[in-house]
Every structure is written in structure tokens, then in C-alpha cells.
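From first to last, the protein sequence lines are chains A and B. Take 5 as the starting number for the first sequence in this note's numbering and just add one per residue. Take 5 as the starting number for the second sequence in this note's numbering and just add one per residue.
There are 2 protein chains.
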Amino acid sequence: MHKLSNAPDRRTTLKLMLATTAVGLSGVAAHGQADPLPSWNEGVTKQAITAFVARVTALDGPGFVPVDQRVATFDNDGTLWIEQPMYVQMAFILDRVRALAPQNSDWKGKQPFQAVLDGDMEALAASGEKGLVELMAVTHAGMTPEEFHEIVSDWLATARHPRFKRPYIELVYQPMLELLAYLRANGFKTFIASGGGIEFMRPWAERVYGIPPEQVVGSSIKTRFEMRDGRPTLFRLPEINFIDDKAGKPVGINQHIGRRPIAAFGNSDGDLEMLQWTTMSGGVRFGLIVHHTDPEREYAYDRQSHVGQLDKALDAAALNKWTVVDIKDDWKRVFAFQ
Amino acid sequence: MHKLSNAPDRRTTLKLMLATTAVGLSGVAAHGQADPLPSWNEGVTKQAITAFVARVTALDGPGFVPVDQRVATFDNDGTLWIEQPMYVQMAFILDRVRALAPQNSDWKGKQPFQAVLDGDMEALAASGEKGLVELMAVTHAGMTPEEFHEIVSDWLATARHPRFKRPYIELVYQPMLELLAYLRANGFKTFIASGGGIEFMRPWAERVYGIPPEQVVGSSIKTRFEMRDGRPTLFRLPEINFIDDKAGKPVGINQHIGRRPIAAFGNSDGDLEMLQWTTMSGGVRFGLIVHHTDPEREYAYDRQSHVGQLDKALDAAALNKWTVVDIKDDWKRVFAFQ
Chain A
5 MHKLSNAPDR
15 RTTLKLMLAT
25 TAVGLSGVAA
35 HGQADPLPSW
45 NEGVTKQAIT
55 AFVARVTALD
65 GPGFVPVDQR
75 VATFDNDGTL
85 WIEQPMYVQM
95 AFILDRVRAL
105 APQNSDWKGK
115 QPFQAVLDGD
125 MEALAASGEK
135 GLVELMAVTH
145 AGMTPEEFHE
155 IVSDWLATAR
165 HPRFKRPYIE
175 LVYQPMLELL
185 AYLRANGFKT
195 FIASGGGIEF
205 MRPWAERVYG
215 IPPEQVVGSS
225 IKTRFEMRDG
235 RPTLFRLPEI
245 NFIDDKAGKP
255 VGINQHIGRR
265 PIAAFGNSDG
275 DLEMLQWTTM
285 SGGVRFGLIV
295 HHTDPEREYA
305 YDRQSHVGQL
315 DKALDAAALN
325 KWTVVDIKDD
335 WKRVFAFQ
Chain B
5 MHKLSNAPDR
15 RTTLKLMLAT
25 TAVGLSGVAA
35 HGQADPLPSW
45 NEGVTKQAIT
55 AFVARVTALD
65 GPGFVPVDQR
75 VATFDNDGTL
85 WIEQPMYVQM
95 AFILDRVRAL
105 APQNSDWKGK
115 QPFQAVLDGD
125 MEALAASGEK
135 GLVELMAVTH
145 AGMTPEEFHE
155 IVSDWLATAR
165 HPRFKRPYIE
175 LVYQPMLELL
185 AYLRANGFKT
195 FIASGGGIEF
205 MRPWAERVYG
215 IPPEQVVGSS
225 IKTRFEMRDG
235 RPTLFRLPEI
245 NFIDDKAGKP
255 VGINQHIGRR
265 PIAAFGNSDG
275 DLEMLQWTTM
285 SGGVRFGLIV
295 HHTDPEREYA
305 YDRQSHVGQL
315 DKALDAAALN
325 KWTVVDIKDD
335 WKRVFAFQ
């Protein structure tokens, strides 16, 4: 079988070629001819990142990892973009409920809807997970994925962050954009692995992060295939399919990617298991936690926060020698506009 | 936001460059300087394939599709490799049950296990879906994904097809390997979308088809994350997670890829909905069905077959102008060794 027996050789050659290119690129960076991470201050954090990349791309080194195994997974909320004062997807849900209320007069006086319409966050919190699932159902289900993408895109075009008064897609962390590009330039395939909705991220992740839809892993609701007026259609159902958070992250990553990442990036306890599964597997591995320490330029929160709580994972970081980004010290700027 | 506002322009340029390269490549093929599909006989089938590729890659043509949207999905059993006299994964299950029987003395006299040990396919069939799920549980669950990959790889290295007496990975269709490579050379991203087990295909799909694990969509059982002796581990559970067949194929493709394919390739009624969803969506689209018509070199089966039944999808092919491969007429050779 000519084709088959030759294939591994050809692929090995290609891998070596790609690896050489990658080493070349990181070599340029290491020699300071061009800094691939200009928004990162010099220091141990930046060094830890570049040292890891240098090790896995050094063709004759003991830590070399072939290009096809250079998988890196990134949490989204609080790791790639802002998550305070509430998850962006929650802001979307609240806005959608308000927009849909005129056509749903039965929501009046009914929780959790009335709480949203009153802006009564306490009553909303009291409606618990059951309330949240009801809000998800009316805002995320009952349409095709294409229609949902359009709703999300339209909302993102007009919604503004309450403090920064800017579109949410401008509130992505510039140092992390540089990190994504740096890893890709070194042969990494970059994936999102988020507790957020997979179809909430797909409409803009490629444009904003350079991550295509097929490299987005996230939580999902079920969809059903059906013929509608003779047209084959997917329809989004008000039923949870998968929660890609905490112990679900390794499960979602394995289901979607089928390889264990060699680098993982997160910022909260929701990322703990992904970081453990990625780094505690032998070989040269990299775990990083973004610690929000800068109330001036962004926010400061960790162990006591309701959104993006970072408690167990911060302890685990010390134990497992994960790199912890101190935003205040490590980032020259947080957002591109700063 | 310098980085963001520049990104689309850079990407557009890159797309145009890639598209130009792709046109260049297909141009070479069209002018006969090198035939990318040497195992395909000249005729309407081959012409339909090359005409479609020419249309979607023609930069200034009305059918042009940007590279990032050139997604093609392939069924596996009966489309990329052999599925007669039984699905390869079924042969694996039967062999595994026989191999595990000595350590499971309680299987004696108990169905569906005794049927497997007796080679009594009638009794096995009588155990129905419930029996199959029991066999799946003991052969596919109870280990990590890595352990399962090793079991599959070991089995593929020794198992032989009953008629051809060759390893199953040699019983892949040479014309389809060429088609995969041809599409990739023209900027397509090729995915498997199979009713078979996702983790049954991942260990060898990259080596045999050039399709990496993250581009394999298939049926799956659930996995659970747990710490075992202080090591983070995924564990395969005896519980169905998702069946990627029939109306499940568009669902699985959307979940995994997040884009609607522009070309889909199948061979049975299990591929009907994938083909409908792909082709009945406006724009230049391509659907292809492999019709097994060659009992000499492979097998001949369609409307009445228990494995890979092709009935409704054959009617739909005529209705929707899908290309139907007549293996006997259209393929110069079926397997590379022929």
C-alpha cells in the first residue's frame, strides 16, 4: 500500500520542517529582534512563557513537542476578555429579556422575568439556577444557530460595558491577544475552552481572537434537526446539552479536540481541572492563571468574588508551579485602547 | 484598538493569498499537468468533483467560497473504508469480548456474551440494541481514553479482514484518499462525521486519512474527570453520550465544527440528513454518495443491506442532484493494493 506506507515519512519530514520554522520564529523573539509580547512587562511571568515555548520548540532538546501536539486551551471570561461586573453573556441575557418583554406580556409579575425588568439583582439571584435556565430558554433557544449568531452579533454591535462605555469586543486583554498570536507563530493550535455558551462565542471569536468556530469548546444547549418548509434546519432547544466548566472542561476538551493540551490558560476555580489535567501528565507542560489585581485599569478580585472566583485554583497554582499573572505588575496595558 | 481594527484586513489579504494558491493548484490539475485523482476513471463523476472545486475556488467567479468556509465532511464506514461483511468496529467488539472472556467467567451462558463466544450471529441479533449497549459497555468503557486508544491500535495491528486477509487500515478506498488530499490542496478542511465511535477512529485517522483527532466527529460514550492516585484522569463510562448518525449528523457537525459544510460525502441512509443539510442551503454545494456496485473488487449492496443500507438516500440523490459514485465504473482501483 504505497500511499499508506509512505505517509508517516512524509509527515515526519513536514513536522521537522514546521518545527524548524517555529524554532526560527521563537529564536527571533529570544534574540530581541522583535518582541512578540510587547504588552507584557519584563519579568518572571513573561520569562516563564517564553522559556516554555523555547523548550517545546527546541528541535534537539529534551522538551521538544511535535507541532501536531502543540495544543493550547484558553478559558474566555476573565482570561481573554472582561467578566466584571457580570459575565458578558449574562448582560446579553438581561438585555434580551428586556427587548423581548413587550411581546411576552405574561412575564409581568412572573419570576425570574420581573426581577430582570425591575433590575432587581437580588430577586434574580433568589430565582437560582432554575431561574437562570428559564432565562436561557427564552433568550438562547427557539431559533436556528444562524439566527442566534445574528442576534449575538447585533447585540455586540450596540451593547456597551457599564464602566468602560465601550463595545465588549474592545474589552479583550491585549497581552492575551499577543500571547495567542505568539503561540500560533510557534506552531500551536489555540482553542477556547469556556464555561460560556459555545454559540455565544463563535460569531466573533475568529474576528477578535483569530480562533475559528471549530476551535471553540463551550457549554451548549441541545439542537434538533428537522425539515421546515422543505428546508433542512437545526433548531435550538431549551435543554442543557453540556456544561463546559470545572470537571466538565477536561471532558469537553477531550470530546472536542481528542488530545490533552500541553498548555492551559485560565483565571478562576472553573479552570482548576483543566489546568490539572493539562499540567499533571508528565512532559513539559504549562499552566497559567490570570490574577485580576488592578482596580485602576480593570478590576481586582479573587477568593471572595461571586464572578470568576479564584480560590482553590490559586492554592493549586502554588502547589503545581503554575505561572500566575499579576495584571498590575505584569501587563503594560490591559486593553488596546489604554 | 490597533490590533483589532487591523485584523480583518490582514486576514482578508491572507485569504486572498490562500485562495490564489488554491486556484493555482486546481489550475494545474485542470490543465492535466498532474491528475490529483489518478484512481478515478474519466467521466461525469470525476468531472462533477473537479467542476465543483473549480467553482468554489475561482476567485472572481460567482461560486467563490473563502478558504475558512471550505468545510467538507466525510462519513467513514463504507465511504472511506470497508464496512462489509460487518462494521469494523463490530469486528473489534466481537474480538474484544473473546479476548476478555477468560477473565469474565460470569459471561458463560449469559447473552449477549454467549452468542459472541459461540459466533451465533442470529442470537446476537436477537439481543438487539440492549445487547449491543452491553457489549459496548464491556469493550469501550472502564478505562481512560489513552488506554482505549492503545487497545484499538493493538487490535488494528493484528486483526485481519475475513475476505481480504489484510489489516483494516489497508482497506481504505484509494480514490477517496486522493479526494481528501485534493480537497485539502484546494483549501478545504476535511472532517470525518461518522456514526462510528469517535475514539475508535482517532487513534489512526490522522495516519491513514490525514485527518487529525480534532477533526473527527463521531458517536461517543460519556467520560468523567477524576483524580486517581493524585493524577488527573478521564474515565470512560458505560453510558451513551451522543449518536452521530442520521438526524444526529447535522447536530454533531454543528456542535463540533460550528459551520455548515459546503460538501458532504456518504454512502448510506445514515448520511441522508448530513447531505440534505449541507446541500439544501443555497450557494454552490456538493453532495456525493458512494454506491457499492463491485462484488469482484469489493462488495455490491444498497437498498436491502443490513449494513450500510442505501435506500432513501439513493432516491434523495436523484432528487437533489447529488453525485453518485458507481464504484465499478468510476474507480480505477478500490484499494491501493489492487
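Glycine included, every Cβ here is placed at the ideal spot set by N, Cα and C. All values derive from a computational prediction rather than experimental measurement.
- Residue range 48 to 61 is occupied by the alpha helix (DSSP H) that includes Val60 of chain B.
- Each residue's CA atom was taken as its position, placing Glu150 of chain A and Leu104 of chain B some 47 Å apart.
- With a threshold of 9 Å between beta carbons, Ser285 of chain A makes contact with chain B.
- Look at Ala321 of chain B here: in three-state DSSP terms it is helix.
- Counted as a single uninterrupted DSSP element, the beta strand (DSSP E) harbouring Gly222 of chain A occupies residues 220 to 232.
- Pro236 of chain B is bridged by DSSP to B:Met231.
- Among the residues of chain A, those whose CB is under 9 Å from the CB of Val255 of chain B are Lys226, Thr227, Arg228, Phe229, Leu238, following chain order.
- Per the Cβ contact rule, the stretch 226 to 235 of chain A is not in contact with the stretch 248 to 255 of chain A (fewer than 3 Cβ pairs under 8 Å).
- Contact between Pro179 of chain A and Leu318 of chain A does not hold, since their C-beta atoms are separated by about 19 Å, which reaches or exceeds 8 Å.
- Measuring C-alpha to C-alpha distances from Pro106 of chain A to each of A:Leu121, A:Ile53, A:Glu133, A:Ile97 identifies A:Leu121 as the nearest.
- Shown here, Val101 of chain A sits in a helix according to DSSP, grouped into three states.
- With contact defined as three or more Cβ pairs closer than 8 Å, the stretch 166 to 181 of chain A and the stretch 107 to 117 of chain A are not in contact.
- Look at the stretch 276 to 305 of chain B: the residues with a C-beta under 7 Å from a C-beta of chain A are Glu277, Gln280, Trp281, Met284.
- In this structure, the beta-carbon distance from Gly312 of chain A to Glu133 of chain A does not fall below 9 Å.
- Inside the stretch 135 to 219 of chain B, DSSP marks whole beta strand (DSSP E) runs of 3 or more residues at positions 193 to 201, from first to last along the chain.
- Sequence-distant Cβ neighbours of Tyr305 of chain B in its own chain, meaning closer than 6 Å and more than five residues away, are His296.
- Setting aside the 5 residues that flank it on each side, Ile266 of chain B is surrounded in the same chain by Val60, Val69, Gln73, Arg74, Val75, Ala76, Thr282, Gly287, Val288, Arg289, Phe290, each with a C-beta closer than 8 Å to its C-beta; the list follows chain order.
- No Cβ-Cβ contact shorter than 9 Å links Ser224 of chain B with Asn258 of chain B.
- Looking at the DSSP output, Phe290 of chain B shares a beta bridge with B:Ala267.
- Residues His153, Val156, Ser157 of the same chain have their beta carbon placed closer than 7 Å to that of Pro207 of chain A, with the five preceding and five following residues left out of the count.
- By the beta-carbon neighbour count (other beta carbons within 10 angstroms, threshold 16), Phe339 of chain B is buried.
- Gln93 of chain A is outside the set of residues whose beta carbon lies under 9 Å from a beta carbon in chain B.
- CA-to-CA, the gap between Trp44 of chain A and Ala130 of chain A works out to about 41 Å.
- Taking a Cβ-Cβ cut-off of 8 Å, the neighbours of Gln259 of chain A in chain B comprise Ile202, Ser224, Thr227, Asn245, given in sequence order.
- As a beta-bridge residue in DSSP terms, Asp330 of chain A pairs with A:His295.
- For Asp273 of chain A, the closest Cβ of chain B is not nearer than 9 Å.
- Taking the C-beta atoms as reference points, Thr54 of chain B is found no nearer than 9 Å to Val294 of chain B.
- At a Cβ-Cβ threshold of 9 Å, Asp273 of chain A and Leu238 of chain A do not count as neighbours.
- Not a single CB atom of chain B sits nearer than 9 Å to the CB of Gln88 of chain A.
- Of the residues B:Leu63, B:Ala320, B:Asp333, the one whose Cα lies closest to the Cα of Gly191 of chain B is B:Leu63.
- Taking C-beta separations shorter than 7 Å and ignoring five residues to either side along the sequence, the partners of Ala119 of chain B in its chain run Ala127, Leu128, Ser131, following chain order.
- Chain-ordered listing is empty here: chain A has no CB closer than 8 Å to the CB of Val156 of chain B, the nearest sitting near 13 Å.
- Residue-level contact by beta carbon fails for Lys325 of chain B and chain A, as no gap is shorter than 9 Å.
- Going by beta carbons, Tyr91 of chain B and Gly200 of chain B fall inside the 9 Å limit.
- Distance from the Cα of Asn80 of chain B is smallest, within the candidate group B:Glu277, B:His165, B:Ile202, for B:Ile202.
- Listed as beta-bridge partners of Phe246 of chain B by DSSP are B:Ser224.
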